[in-house]
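Numbering (my numbering), first residue to last: 5 to 83.
Right, here's the structure in full:
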């Protein structure tokens with residue numbers, strides 16, 4: 005596929021793609037990223053890699069009690 009034929013992704017697309025890759029990695033399915041990297045431009049790759057790092061961090065730390073207890077405390081404090 006030629007570069008000029010590539011679909012231009014917006015911010016929501018990049019967020020969605022990065023979330024999907026991070027979540028699939030978290031589940032142990034690490035094949036999605038290779039597919040993604042062949043379809044995005046260099047400019048989009050920078051945004052994608054930044055979002056991917058953010059979502060990887062979230063999934064790594066938010067799956068335990070630390071996140072949920074902090075979330076509950078924040079909700080109680082807002083009431």
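By construction, the Cβ of each residue, glycine as well, lies at the ideal position given by its N, Cα and C atoms.
This one's a predicted model, so the numbers in the text were calculated from it and none came from an experiment.
What first and last residue would you give for the alpha helix (DSSP H) that runs through residue 63?
46-66
Three-state secondary structure assigned by DSSP to residue 31
coil
Among 45, 50, 46 and 21, which has the Cα closest to the Cα of residue 37?
21
Member of 14, 26, 44 and 43 whose CA lies at the smallest distance from the CA of residue 62
26
By how many angstroms is the C-alpha of residue 52 removed from the C-alpha of residue 65?
20 Å
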